[in-house]
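Undergrad: Going left to right, the sequence shown walks through residues 285 to 1005 as the numbering used here numbers them.
Positions of the beta carbon are idealized from the N, C-alpha and C atoms, including for glycine.
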Amino acid sequence: MNLSAMERGLLCQRRILAEFGELAVIGEDLDAILESACKGAGEALGTHLAKFIQLDTDHRQMWVRSGVGWKPGVVGHTRLELEQGTPEWYSLSVDHPVIAPSIALERRFVIHPFQEENGVTAFVNIIVYSPHDHKPIGIFEVDSRTPRAFSESDVDFLRSYASLIAACFGRFRITNAIKDAEARLRESERRLRIAVELNPQIPWTADPTGAVTSIDSRWTGFSGLQREDTLGQGWREFTHPEDLPTVVERWGEALVSLAPFDVQVRLRKNDGHYDWYQVRAFPELDESGRCQHWYGTVEDITERIRLETALREWNENLESRISERTQQLQEEQREREAAEAKLRQSQKMEAVGQLTGGIAHDFNNLLGSISASLELMHLRIAAGRFADVAKYQALALTSVRRAAALTGRLLAFSRQQPLDAKVIDPNEVVAGLEDLIRRTMGPTVQVRCELTSVGSISCDLNQLENTLLNLSINARDAMPSGGTLAIRTRLLEVDARTGQDKDIRPGRYVIISVTDDGCGMDEDVLRRAFDPFFTTKKMGQGTGLGLSMIYGFTQQSGGQIRIHSTPDVGTTVSMYFPLDQRNADTLTGTMTDAPVLPRDKGNGEVILLVDDETGIREVAVDLLNDQGYTLFEAIDSESALSQFDKLDRLDLLLTDIGLPGAMNGLALAKTLKARRPELKVLFITGYAKAEGISEGASLGRVLTKPFKVDELLDCVKAVLD
Ligand code: ADP
Ligand code: MG
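As structure tokens, then:
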């Protein structure tokens, strides 16, 4: 078959169009497609010079995006203004293909310099429209370096070509949009993943029947458990047996009610340990309210549970720990009290020690006067001068009483007694001590008591006596070559202003002061005088505890203590006690010389007297016989028991507590009372030990030595009655 040149040209155009059509549908690179388009069109029209000019979206500029046959520097580089007078502007304004067969003859537009430089003399162009919105995308142009008349069929060919290019742009617009969307999706997925990984809650899903359908991959790293083992109902396998029934029940309820699910449960890790987890889920419902999926999370809360448990235990133990601590504090308090009591006692013994020196001297004087009286009596009796006997006897008796009073005070004072606040009359206390203090001070110190009517105060009697003695001894020590010691009591109303000056609460106070005109204290000594163990005295003479104890005592009694001292002038120690409006209790243990009252005599009651001291026994037997009692004697418990066996009648056991042998007076009384319960008991004792006295008091009455004849008689009578 012989084909004309035109026919061959058409066939060639069709082939090129078909080939390009294929590329336009499957090509993946728009620039490669455009280049191939330019090549194909140049070839089909025999010029081998073509280009695609792309318009910017704002239609102000354009650029040579693709082309073939051009000198270097044109394709991809040349940018042009879309101005009036340019061929492109003209094409767009006429809106159909433009053919310029000879540029030299062209009057419609001005050719671009790059076209001239490339020897363009003719061209045909066609606008490529976007298939999406029909806006022009660019201009496809076939140029020629020789003048050339482009035919209608050339234009048709280019028109088909342009449609394919337009379709390509459409395809790429869509694929680019898809790629963009994909990239955005990938990015948001990436972000979600990061968020999920940062979140301590691990997501899972379940179907409407409650079977777990997925769990985040982190679950495995977390628990060591395989994801597949967790899916479906697999999770039951490693749920703590104690928690399983509850969890299954609650999950079942949630599946029915479609209410959010929230439990705390122990799950076994693959290392065998159980950890605490919080498992939550909520359902996703469709429009008709049916469950589509369950979305859930699982979170390790072991640490939180541990802290909560610790807190709870701590709270629960708090009570027991408080009571433990309270007990401990009580124990400490007891120990402290015991130590304080010991200290008080040793303090007192120190004072007693200080006193005994003075008292021994005094006692000797009394003994001297007694023995002198007795000797005189002896001489007068021998001389038959009976008239004087009574005088000397009275003299001796007075001395004996004074001596007894003195030792009585000493013993009462040194007795260990617990602190016991009583309402007392301070004047009575000072008066009761005056004699003792005077004797202690020695002949060079003059003692004066100036007592005014003050009312009562509330404090421990023993401590107050102790305090007065200590202050007196301090005063004596400050006056080695003698002087005057004054003890005064007075009432003072402290108002708000003086209260502030003296740092004492306003109110009415009883002041007991002890003043000496001794050496006084300098500032340094004064500042430290209340410090425990501060003393300026020689070893063995001072302990430095006196004033600190007194300070404690006044504080305990709600009072205050103040010292005024001037070196070489003297010292006054003033104790402030709050006035107590109550009436003072009567003081016990004070030895007053009560007159001997006539009393009823005994009626032949039988008394067993047990004492190892012959003197006492003889006196007591004579005395009680005189009063009409029948007396039997024993020197210890053993002889007392054998006497007891012989007696048909026994009304009273009168016994010393301290007896020689295995059995003391207390044990003897117990034994005899066991055999004769109605037996009365009276103890006489020289012991100052509180325990012995209190035990004795539970069995009968106790009379402490030294006692006066009347006291013994009164006691015996009272016990028998
Ligand atoms: P002590 O008498 O055992 O030394 P105190 O506590 O009773 O302990 O007294 C402490 C010190 O205060 C004494 O050593 C003395 O220096 C001083 N002091 C106490 N009372 C007087 C006083 N009346 N005159 C001078 N100094 C005193
Ligand atoms: Mg002292």
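1) What is the DSSP secondary structure of E568, counted as helix, strand or coil?
2) G873 by DSSP, collapsed to three states: which one?
3) Say yes only if the C-beta of N754 is nearer than 8 Å to one or more non-hydrogen atoms of the ligand MG, and no if none qualify.
4) Kindly indicate which three-state DSSP category M859 falls into: helix, strand or coil?
5) Give the secondary structure of Q562 by DSSP, where H, G and I count as helix, E and B as strand, and everything else as coil.
6) Could you name the residues of the same chain whose beta carbon sits closer than 6 Å to that of I771, not counting the 5 residues immediately before and after it, in chain order?
7) Ends of the beta strand (DSSP E) at I383?
8) Nearest CA to the CA of Q399: which residue from P385, D379, R429?
9) Buried or exposed, going by whether 16 or more other CB atoms sit within 10 Å of the CB of E372?
10) Under a Cβ-count criterion, where at least 16 other Cβ atoms within 10 Å of its own Cβ denotes burial, should S841 be classed as buried or exposed?
11) Pull every residue with its beta-carbon under 5 Å away from any heavy atom of the ligand MG, and keep them in chain order.
12) Could you work out which residue in T736, A308, A705 is closest to N1048 when comparing CA atoms only?
13) Between the beta-carbon of T250 and the beta-carbon of L515, is there less than 9 Å?
14) Once the 5 residues before and after I654 are set aside, which same chain residues still bring their CB inside 7 Å of it?
15) Hey, would you say the C-beta of M805 is under 8 Å away from at least one heavy atom of the ligand ADP?
16) Taking the alpha-carbon positions, what's the N599 to E592 distance?
17) Classify R985 as helix, strand or coil using the three-state DSSP reduction.
18) Closest to E425 by C-alpha separation, out of G353, F336, G573, would be which residue?
19) Is V809 near the ligand ADP, with its Cβ less than 8 Å from a heavy atom?
20) Note down, in chain order, each residue of its chain lying with its Cβ closer than 7 Å to the Cβ of G767, except the 5 sequence neighbours on either side.
21) If I'm right that F916 touches L937 with Cβ under 8 Å, what's the distance once you round it to whole angstroms?
22) If the criterion is Cβ atoms closer than 9 Å, does the pair A328 and V352 meet it?
23) Considering just the uninterrupted stretch of the beta strand (DSSP E) at F304, what are its terminal residues?
24) Could you please give the first and the last residue of the uninterrupted beta strand (DSSP E) stretch that includes M346?
25) Specify, as a first and last residue, the run of the alpha helix (DSSP H) that K786 falls within.
26) Of the choices T850, S849, K821, D815, whose alpha-carbon is the least far from that of I834?
27) Please state whether DSSP places F670 in a helix, a strand or coil.
28) Going by DSSP, what residue range makes up the alpha helix (DSSP H) through A1002?
29) Quick check for students: name the residue ranges of the beta strand (DSSP E) that lie wholly in the region 451–537, counting only runs of 3 or more.
30) What does the alpha-carbon distance come out to for the pair I300 and D342?
31) Helix, strand or coil: which one does DSSP assign to T405?
32) Please report the distance separating the alpha-carbon of S607 from that of N601.
33) In the DSSP assignment, the alpha helix (DSSP H) including L735 goes from what residue to what residue?
34) In chain order, what residues of the same chain have a beta carbon less than 6 Å from the beta carbon of G324, not counting five sequence neighbours either side?
35) Leaving out the 5 sequence neighbours to the left and right, which residues in its chain are closer than 6 Å to V359 when beta-carbon positions are compared?
36) With H, G and I counted as helix, E and B as strand and the rest as coil, what does DSSP make of C575?
TA: This is what the structure gives:
1) In the structure shown, E568 sits in a strand (DSSP, three-state: E or B).
2) Low confidence applies here, because G873 scores a pLDDT of 38, under 50, leaving its location unreliable; read the following figure in that light. Under the three-state reduction of DSSP, G873 is assigned to coil, being neither helix nor strand.
3) Because some heavy atom of the ligand MG lies under 8 Å away, the Cβ of N754 counts as near it: yes.
4) DSSP, reduced to helix, strand and coil, places M859 within a strand of the structure shown.
5) Judged by DSSP in its simplified three-state form, Q562 adopts strand.
6) Result list for I771: V714, C733, V798, in chain order.
7) It spans 382–384 - the beta strand (DSSP E) in which I383 sits, taken as one unbroken run.
8) Residue nearest to Q399 within the set P385, D379, R429 is R429 (criterion: CA-CA distance).
9) When all chains shown are included, E372 counts as buried.
10) Per the 10 Å Cβ criterion, buried.
11) Result (chain order): N758, G830.
12) The chain is shown only over 285 to 1005; residue 1048 falls outside these bounds and no answer can be derived.
13) Given a span of 285 to 1005 for the chain in the structure shown, any question on residue 250 remains unanswerable.
14) Within the same chain, I654 has close Cβ partners A680, S683, V684.
15) For M805, the shortest separation between its Cβ and any heavy atom of the ligand ADP lies below 8 Å.
16) Linking N599 to E592 through their CA atoms gives a straight-line distance of about 11 Å.
17) Under the three-state reduction of DSSP output, R985 falls in the strand class.
18) With distances taken between Cα atoms, E425 lies closest to F336.
19) Within 8 Å of the C-beta of V809 there is at least one heavy atom belonging to the ligand ADP.
20) Excluding positions up to five away in sequence, the list reads V729, D800, D801, G802.
21) With a beta-carbon spacing of about 10 Å, F916 and L937 fall beyond the 8 Å limit used to define contacts.
22) Annotated as distal: A328 and V352, with beta-carbon spacing of 9 Å or more.
23) Not the beta strand (DSSP E): F304 falls in the alpha helix (DSSP H), residues 289–310.
24) Annotation for M346: the continuous beta strand (DSSP E) segment containing it runs 345–352.
25) Residues 780–786.
26) If we check each option's Cα against that of I834, D815 comes out closest.
27) DSSP places F670 in helix when its eight states are reduced to three.
28) DSSP places A1002 in the uninterrupted alpha helix (DSSP H) bounded by 993–1004.
29) Within the region 451–537, the complete beta strand (DSSP E) runs of at least 3 residues are 486–490, 496–499.
30) The alpha-carbon atoms of I300 and D342 are separated by roughly 33 Å.
31) T405 carries a coil assignment under DSSP once its states are collapsed to helix, strand and coil.
32) Between S607 and N601, the C-alpha separation is close to 10 Å.
33) No alpha helix (DSSP H) contains L735, which is instead part of the beta strand (DSSP E) from 729–735.
34) The residues are I300, F304.
35) Taking V359 as the centre and dropping the five residues before and after it, the same chain places the C-beta of V348, G351 closer than 6 Å to its C-beta, in chain order.
36) Of the three classes helix, strand and coil, the one that applies to C575 here is strand, per DSSP.
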